[in-house]
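The sequence shown begins at 4 in the working numbering and counts up by one.
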Amino acid sequence: MDLGLSGRNAVVCASSQGLGRACALELARAGCTVVVNGRDQAVLDRTAEEIRKETGATVIAVAADVSTREGQDALLAAVPTVDILVNNNGGPPRRDFREIDRDAMVSGVVGNMVTPIELVQRVIDGMVERKFGRIVNITSASVKMPLTGLDLSSGARAGLTGFLAGVARSVAHANVTINFVLPGSFDTRRLRTGLEGGAKAQGVALEEFADLRRAEIPARRFGDPSEFGKACAFLCSAHAGYITGQSLLIDGGAYHGIL
């Protein structure tokens, strides 16, 4: 399917690896000029070059912390206009809620709620004026099914969802959409790190622990990041203008609710 995005400019936050990288790759395949972002310059440059070689797209690497004003300035200055914004940022580490002090709470909320809202504030009026805009926020399956130990992440991302849900309705008339993609267990470095920690804590082999986790998922596997990237790209496409304010859960059926 031609997504109708050739010539569009896309900014994808935290996209040097993992799910953010998968989104950047698919948008590049769709013909976008893509701004990729991360904090490690070497990793980011390698990712940008890999996407260029695979797609032939223009890929601009901006090493910056998107949680800072300076980082946001650098991202948004990389292209003349922003047609597509994919908000993404690393979540707070797993921790018992009793151990989370005020500074950690503030940092978690800034990273996973305030920062994406600030970026939306800065790009949305231009999108409305040009009558095209796609904003996709990568949150987490824990927004729908909170997980013990990820309370701060769940709370901040749920707050972001509630905040932007109303904003989405206020700009839909201008062909500007705001949606949320909620990943479950995808085969990324973050997942592998978590599996290693879980296996060590339970005193079992890594693959044995991974098999136990897979068995909890009706699909009986972890997600491939490319599946996530393709879903994100469709929500950014010219064909998705009638989809807004929605949360797309991609978790292999792990969530057992119907809403």
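Where is the CB? At the ideal position from N, CA and C, for every residue including glycine.
Could you check where the alpha helix (DSSP H) with residue i kicks off and where it finishes?
i           : result
residue 118 : 118-133
residue 21  : 21-32
residue 168 : 154-174
residue 215 : 209-218
residue 50  : 44-58
residue 228 : 228-239
residue 112 : 105-112
residue 192 : 192-205
residue 72  : 72-79
Counting only the same chain and skipping the five closest in sequence on each side, list residues whose C-beta sits under 6 Å from that of residue i.
i           : result
residue 183 : 140, 142, 164 and 250
residue 179 : 130, 131 and 136
residue 18  : 24, 27, 39 and 40
residue 30  : 13, 37 and 236
residue 112 : 159
residue 273 : Because the chain is modelled from 4 through 262, residue 273 falls outside the range shown and cannot be assessed.
Thinking C-alpha only, which one of the options is nearest residue i?
i           : options               : result
residue 159 : 255, 226, 29 and 119  : 119
residue 220 : 229, 134, 40 and 253  : 253
residue 138 : 105, 260 and 26       : 26
residue 114 : 83, 85, 74 and 127    : 74
residue 230 : 71, 60, 190 and 152   : 190
residue 126 : 112, 94 and 83        : 83
residue 81  : 93, 92, 66 and 94     : 66
residue 92  : 217, 193 and 259      : 193
residue 258 : 11, 145 and 9         : 145
residue 128 : 85, 195, 57 and 10    : 85
residue 161 : 53, 217, 94 and 106   : 94
residue 123 : 152, 181, 106 and 105 : 181
residue 60  : 217, 170, 33 and 232  : 33
residue 71  : 106, 105 and 110      : 110
Specify, as a first and last residue, the run of the beta strand (DSSP E) that residue i falls within.
i           : result
residue 183 : 179-186
residue 66  : 62-66
residue 250 : 250-253
residue 138 : 136-141
residue 8   : Here residue 8 belongs to no beta strand (DSSP E), and DSSP marks it neither H nor E.
residue 37  : 36-41
residue 88  : 87-90
Rounded C-beta distance between residue i and residue j? I'm assuming under 8 Å.
i           : j           : result
residue 185 : residue 147 : 6 Å
residue 177 : residue 134 : 6 Å
residue 35  : residue 90  : No, residue 35 and residue 90 are not in contact; Cβ-Cβ is about 16 Å, not under 8 Å.
residue 199 : residue 215 : Not confirmed; about 14 Å, so no contact.
residue 13  : residue 46  : Not really, about 20 Å apart at Cβ, beyond 8 Å.
residue 228 : residue 21  : 7 Å
residue 8   : residue 241 : 7 Å
residue 78  : residue 69  : 6 Å
residue 152 : residue 98  : 6 Å
Once you ignore the five residues that flank residue i on each side, which residues in its own chain have a CB closer than 7 Å to its CB?
i           : result
residue 175 : 247
residue 55  : 62
residue 100 : 154
residue 51  : 39, 62 and 64
residue 197 : none
residue 11  : 35, 86 and 87
residue 42  : 66 and 68
residue 222 : 255 and 256
With a threshold of 8 Å between beta-carbons, can residue i be considered close to chain D, or not?
i           : result
residue 122 : Protein chain content of the structure displayed is limited to a single chain, and chain D is not contained in it.
Given residue i, which residues of its chain have a CB within under 8 Å of its CB, disregarding the five upstream and five downstream residues?
i           : result
residue 172 : 247 and 248
residue 226 : 186, 187, 188, 189, 190, 253, 254 and 255
residue 108 : 155
residue 166 : 116 and 120
residue 211 : 202
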